[in-house]
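To keep things clear, I will list the structure first and then write my remarks on it.
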Amino acid sequence: MGTLCGLTVTAILLFFLLFVSLSHSFYLPGVAPRDFQRGDPLPVKVNKLSSTKTQLPYDYYYLDYCKPDKIVNSAENLGEVLRGDRIENSVYTFQMRKEQSCQVACKKKLNAETAKNFKEKIDDEYRVNMILDNLPVAVLRQRRDGIQSTTYEHGFRVGFKGNYAGSKEEKYFINNHLSFRVMYHKDLETDSARIVGFEVTPNSINHEYKDWDDNNPQLATCNKDTKNLVQGNVVPQEVETDKEVVFTFDVSFKVLAHQILAYVSLPHSTPSLV
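According to mature numbering (1 follows the signal peptide of the UniProt record, and there is no 0), the stretch in the sequence shown is residues -25 to -1, 1 to 249, in order.
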């Protein structure tokens, strides 16, 4: 009888530990928050492409996005695995509290297949999901229902459809310029910081340049030395066979007193135009 009771207690304890582990794993931040010093690397991870229209996820690199030299699985906890997340490394890496403007991620030339894939995912309203320190990237939106002024949407749209002025022909455009904003809480005693929010504003920009230099690309549509990144009238980046796409990004940082819980708790909402 004593042995049976002991086994029962052990089983209950193991179940409790497993439950606690799963509960923490499914809480979106996933693991304990980290402390970062100024200049520490902040690697951005990519998750699956998702759509409320099809409910069928795709790997981020199914589309012809910029790729690191080696793609590795970067899931950090059991919750991410059980949810079927496809978390991998990316070419996007920031430095804590160091702002960057007009950084070139890569240049791609679309072929018939890659252009077709982008168009299909735009048609099906797919969104790109990224993660920084276990927080998902979100797009800040203005609400129209009068209940709340702003809300968050998980991820950002692959692209959108539209037409040029004076034309009725519908075209596909890709969001190839990402303006990230990292919110953090700073410890006044140690000057270390914890990331509490991760936002992005996606844009479509048909970047222009004179001569391409892989080591130091200079874009006429983007200026690293000014906050006004886009110069002049911006033409969106069209998705079409043999079109070149330059992927760029910038990142800014903002101090906040508390973690942003609003967008973490929201379900994946229906996309609106980007």
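The C-beta atom is built at its ideal place from N, Cα and C for all residues, glycine as well.
Original post:
Taking the C-alpha atoms as reference points, what is the distance between residue 98 and residue 16?
Top reply: Each residue's Cα considered, the two are about 36 Å apart.
**OP:** Would you kindly work out how many angstroms separate the C-alpha atoms of residue 179 and residue 151, rounded to a whole number?
**Re:** Computed Cα separation, rounded: 5 Å.
Subject >> Status (buried if at least 16 other CB within 10 Å, exposed otherwise) for residue -5 >> reply: Here the model assigns residue -5 a pLDDT of 39, short of 50, so the residue's position is not dependable and the matter cannot be decided.
Original post:
residue 89 by DSSP, collapsed to three states: which one?
Top reply: Helix at residue 89.
**OP:** Could you tell me the distance, in whole angstroms, from the CA atom of residue 158 to the CA atom of residue 129?
**Re:** Going by the C-alpha atoms only, they are around 16 Å apart.
**OP:** Would you mind stating whether residue 110 and residue 39 have Cβ atoms separated by less than 8 Å?
**Re:** No. Outside cutoff.
Subject >> Of the listed residues 143, 108, 96, 188, nearest to residue 132 (C-alpha basis) >> reply: It is 96 whose Cα lies nearest to the Cα of residue 132.
**OP:** Reducing DSSP to helix, strand and coil, say where residue 180 ends up.
**Re:** In the structure shown, residue 180 falls within a coil segment according to DSSP collapsed to helix, strand and coil.
Subject >> 6 Å CB neighbourhood of residue -8 in its chain, flanking five on each side removed >> reply: Low local confidence applies: a pLDDT of 41 at residue -8 is under 50, so the model's placement there is unreliable, with the coordinate-based value given in what follows. Setting aside the 5 residues that flank it on each side, residue -8 has no residue in the same chain whose C-beta is closer than 6 Å to its C-beta.
Subject >> Top-ranked residue by Cα proximity to residue 46, from 70, 154, 21 >> reply: For the residues 70, 154, 21, the minimum Cα distance to residue 46 belongs to 21.
**OP:** May I have the straight-line CA-CA distance separating residue 73 from residue 217, to the nearest angstrom?
**Re:** Rounded to whole angstroms, residue 73 and residue 217 show a C-alpha spacing of 36 Å.
Subject >> Residues near residue 145 by beta carbon distance below 6 Å, same chain, minus five either side >> reply: Around residue 145: 136, 138.
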